[in-house]
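Worksheet: one structure, shown below.
Number of protein chains: 2
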Amino acid sequence: MSDNNVFAVIPQCLDQELVEILVENKEVCIERIVSKGHTSPASGWYDQAKNEWVIVLKGEAIISFENESEIRLRAGSYINIAAHKKHRVSWTDPDLETIWLAVHYS
Amino acid sequence: MSDNNVFAVIPQCLDQELVEILVENKEVCIERIVSKGHTSPASGWYDQAKNEWVIVLKGEAIISFENESEIRLRAGSYINIAAHKKHRVSWTDPDLETIWLAVHYS
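Chains as they are written, first to last, in the working numbering: chain A, 1 to 106; chain B, 1001 to 1106.
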């Protein structure tokens, strides 16, 4: 067996946010996300059918919640976002890659 | 909302491995584990009913598989361990805390 590393292989060209699915089945989806200045589309909120547990492993980001204050996430910061809790990524560090792990679950 | 951090609040006394459940429902369990020289009980293998996706976020560890070579995990290394795949943690760094995230899922 060989291992993989979440910090490895960051493409130079990050025109779009990079989303890599590490595990996926009916119940759970684990994603590695690499952002660099990317934010959620300005048009609206994420309103997800599943719960999402998300952690920033490197870099920095701000998540905003509808009618609530924003939260700044640094390396190691994690939060649990309940299904249908409206949120958006309002900022990620434009100068450094921000690496996230997200676990979507029922 | 406030955030939590996987790198924060490591107790000085780690006589036993520290396991903190971050998310738990019928389908998924997300754990933060802090090891310091701890290994699986020598008596046998883990033989788990659920799949486990696990990542080392800090420190270093070796996982051994029945009839297979071992794998060394460093910061950022992750592996997926299928249900009933027999394995054990044969080594963790005795001098530094090793911080893991484990996602158990059906």
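Just so you know, even glycine gets a beta-carbon here, dropped at the ideal spot from N, CA and C.
Note that this is a predicted model, so its numbers are computed, not measured.
Short Cβ contact (8 Å threshold) for residue i with residue j
i	j	result
L1073/B	A1061/B	yes
K1086/B	E1066/B	yes
W100/A	I33/A	yes
N1005/B	S77/A	yes
K50/A	S106/A	yes
I63/A	V89/A	yes
H38/A	E68/A	no
H1104/B	E1020/B	no
Rounded Cβ spacing between residue i and residue j (contact assumed at less than 8 Å)
i	j	result
V28/A	E1027/B	7 Å
A1119/B	E1031/B	An answer regarding residue 1119/B cannot be provided, because it is not within the stretch 1001 to 1106 covered by chain B.
G1044/B	L1096/B	Not confirmed; about 27 Å, so no contact.
Delimiting residues of the beta strand (DSSP E) encompassing residue i
i	result
R1088/B	1087–1092
F1065/B	1061–1065
C952/B	An answer regarding residue 952/B cannot be provided, because it is not within the stretch 1001 to 1106 covered by chain B.
E1027/B	Taken as a continuous stretch (DSSP letters only), E1027/B belongs to no beta strand (DSSP E), as it is neither H nor E.
Y1105/B	1098–1105
E52/A	51–58
S40/A	Segment: none, S40/A is in no beta strand (DSSP E) and carries neither H nor E.
Y78/A	77–81
R74/A	Unbroken run through R74/A: none, as it is neither H nor E.
### Query
Between the region 1022–1035 of chain B and chain A, which residues of the former have CB atoms less than 8 Å from a CB of the latter, in chain order?
L1022, V1023, N1025, E1027, V1028, I1030
### Query
If you measure beta-carbon to beta-carbon, which residues of the region 1089–1104 of chain B are closer than 9 Å to chain A?
I1099, L1101, V1103
### Message
Please identify, using Cβ separations under 8 Å, the residues of the region 53–85 of chain A that lie next to chain B, in order along the chain.
### Response
W53, I55, L57, F65, E68, S69, I71, R72, L73, R74, A75, G76, S77, Y78, I79, N80
#### Entry: Contacting positions in the region 1038–1052 of chain B - beta carbon closer than 7 Å to chain A
none
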